[in-house]
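Everything on this sheet refers to the single structure shown next.
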Amino acid sequence: MEDLLAGALSRLDEAAKHVDVDPEVLEKLKYPKETLSVRLMVRMDDGSRRSFPAWRCRYDDTRGPTKGGIRFHPASTMEEVATLAFWMTFKCAVVNLPYGGGKGAVMVDPHSLSKSELERLSRAYVHAFAGMIGPDRDIPAPDVYTNSMIMGWMADEYSSIVRQPSPAVITGKPLALGGSLGRDDATARGGFYLLKHLEQDLDLISSAKRVVVQGFGNAGYHIARLLHEEGYRIVGLSDSRGAIANPGGIDPYAVQAVKSEGGSVLDYASRTGQARVVGEDDLLALDCEVLVPAALEDQIHKDNAGGITARVILELANGPITPEADRILDAKGAIVLPDILANAGGVTVSYFEWVQNRQGYYWTLEEIHDRLKAIMEVEGRRVWDLRASKGISMRTAAYAHGLERLSAAIAAHGTQPFFVG
Ligand code: NAD
């Protein structure tokens with residue numbers, strides 16, 4: 000984890016070789032603009048008070064207010080938050096949203112809390128960071144182990160602090176509180192539109208279309224469902240408790256039915272006999288055409304990348320592949336559709352939600368899907384073409400594409416050539 004930010008920055012250095020960029024731009028992008036670290040004191044149901052470390056980082060706001068999710072996870076750290084905020088900065092630039100990048104986290108295992116403890120923790124987070132967030136300053140959203148219910152509590156807390164309804168402060172809210180249609184599956188759907196748009200270029204049309212999904216949460220369930228409906232065969236799945244496989248195909252709806260009752264993918268396998276249990280690394284090495292990491296960062300590393308057979312890797316998780324593993328996959332000829340492009344559907348529909356909140360005018364699901372599809376296809380094609388014209392990886396091309404936009408915005412604010420040239 001210590002190397003997470005260093006690994007992320009190494010991708011920036013690589014991209015900078017392919018873009019005419021002022022050194023001042025790189026200096027600006029190498030450090031977060033603002034990070035606040037606090038401890039949240041929360042009353043437990045038994046009357047005691049416990050404290051939880053919490054952070055919010057606004058990495059860069061050159062292109063607009065910062066935007067990024069809040070994660071509740073026992074292994075979260077300040078460095079992880081800054082790295083995720085760095086990725087958000089590039090992601091918003093890659094799909095041309097008028098945002099900078101931010102992120103937040105609480106070091107907590109939310110599964111160990113009761114619902115009322117979770118609500119008090121969520122409200123305490125907003126209380127602590129109320130001066131940092133805001134509809135024109137920094138706009139949070141859900142991430143790992145946070146959801147629309149938590150976003151609803153947070154929007155409510157912020158509105159009571161500023162003494163007026165302020166739905167645009169946070170996205171991923173329940174529909175009843177100004178959420179957007181289509182936000183629930185937006186991350187997966189954006190990746191799905193990208194994959195479908197590039198299907199021919201990726202040589203997937205006539206192939207067997209077998210898929211492995213690591214992590215069966217919001218992003219993982221919806222991508223499995225969308226690909227299953229499109230005729231792809233889901234041959235392996237995992238969650239934090241374990242991994243399962245069936246070369247004949249797994250029905251994602253049936254797995255989700257078990258998960259929604261509190262079960263795991265392992266419970267699905269034992270209850271139905273429709274899949275066998277495999278090891279975590281064996282899952283990644285299953286024969287398939289498309290691998291979808293949809294869990295956490297650093298899951299594909301130098302020790303397991305060599306076993307991967309997939310030709311296409313659709314990164315729905317943020318940072319699932321380490322730089323060393325990237326090199327191994329590149330040498331094998333695998334094409335990685337990188338996180339800052341492939342999972343940008345989530346922040347794109349969050350942007351739609353923010354626009355709708357500010358307009359007070361709400362769009363149909365069809366409008367949301369059409370607008371998301373158009374963005375994923377236009378920006379996906381640009382990155383694909385940049386990759387081909389420069390002979391670089393999709394990841395480097397995506398960073399270069401984002402860097403060009405960031406660089407133009409930073410230069411427009413004034414860099415050295417502006418003052419002395
Ligand atoms: P989630 O909390 O809904 O699901 C996470 C899933 O990963 C759970 O099923 C959990 O059991 C599983 N998991 C955890 N550790 C695992 C491990 N070691 N091996 C296999 N599975 C494991 O979270 P999510 O919103 O689906 O986010 C997943 C990834 O997608 C994260 O990297 C997140 O940053 C990224 N992402 C999410 C969104 C979004 O809108 N939800 C947007 C962009 C990126």
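Per numbering that gives the first Met the number 0, residue 0 is the first one in the sequence shown, and the count goes up by one each step. C-beta: ideal position from N, C-alpha, C; glycine also. Since this is a predicted model, take the numbers as computed values, not measurements.
Check	Outcome
Straight-line Cα distance separating C91 from M0	Residue placement at M0 is poorly supported in this model, since its pLDDT is 46, which falls under 50; the coordinates still yield a value, given next. Taking the straight line from one Cα to the other gives about 24 Å.
Contained alpha helix (DSSP H) runs [length at least 4] in the stretch 229 to 315, N- to C-terminal order	251 to 259, 264 to 271 and 279 to 283
Where the beta strand (DSSP E) containing W54 begins and where it ends	R48 to D59
Minimum C-alpha distance to T308 - residue among V105, L194, G318 and A330	A330
DSSP beta-bridge partners of T65	G99 and D137
Heavy atom of ligand 1 within 7 Å of Y267 beta-carbon	no
Cβ-Cβ separation, A140 to G67 (assumed contact under 8 Å), whole Å	7 Å
C-beta contact flag for G103 and T65 at 8 Å	no
For L35, three-class secondary structure by DSSP	strand
Nearest to E33 (by Cα), restricted to the options D137, E156 and H196	D137
Same chain, Cβ closer than 7 Å to R394, neighbours up to 5 away in sequence not counted	R10, D325, V335 and P337
Residues that A210 bridges to, as DSSP identifies them	The sequence given here places Val at residue 210; Ala does not occur at that position. BP columns for V210 point to I233 and V289.
Element boundaries [beta strand (DSSP E), containing V335]	I334 to L336
Near ligand 1: Y434 beta-carbon under 7 Å from a heavy atom	Examination of residue 434 is not possible in this model, given that the chain is present from 0 through 420 alone.
C-beta contact flag for P109 and Y144 at 8 Å	yes
Contact under 8 Å by Cβ, L371 with I222	no
Contained beta strand (DSSP E) runs [length at least 3] in the stretch 145 to 218, N- to C-terminal order	209 to 213
Coarse secondary structure for H400, derived from DSSP in three states	helix
Assigned secondary structure, V20 (DSSP; H/G/I helix, E/B strand, else coil)	coil
Reduced DSSP secondary structure (H/G/I, E/B, other) of I391	coil
Any non-hydrogen atom of ligand 1 closer than 7 Å to E279 Cβ	yes
Cβ-Cβ separation, N303 to D280 (assumed contact under 8 Å), whole Å	4 Å
Within 8 Å, strictly: CB atoms of A175 and L39	no
L201 vs V311 beta-carbon contact at 8 Å	yes
Rounded Cβ spacing between V105 and Y124 (contact assumed at less than 8 Å)	6 Å
For A74, three-class secondary structure by DSSP	coil
Helix, strand or coil at I320 according to DSSP, with G and I counted as helix	strand
Counterpart residues of M106 in DSSP-defined beta bridges	H72
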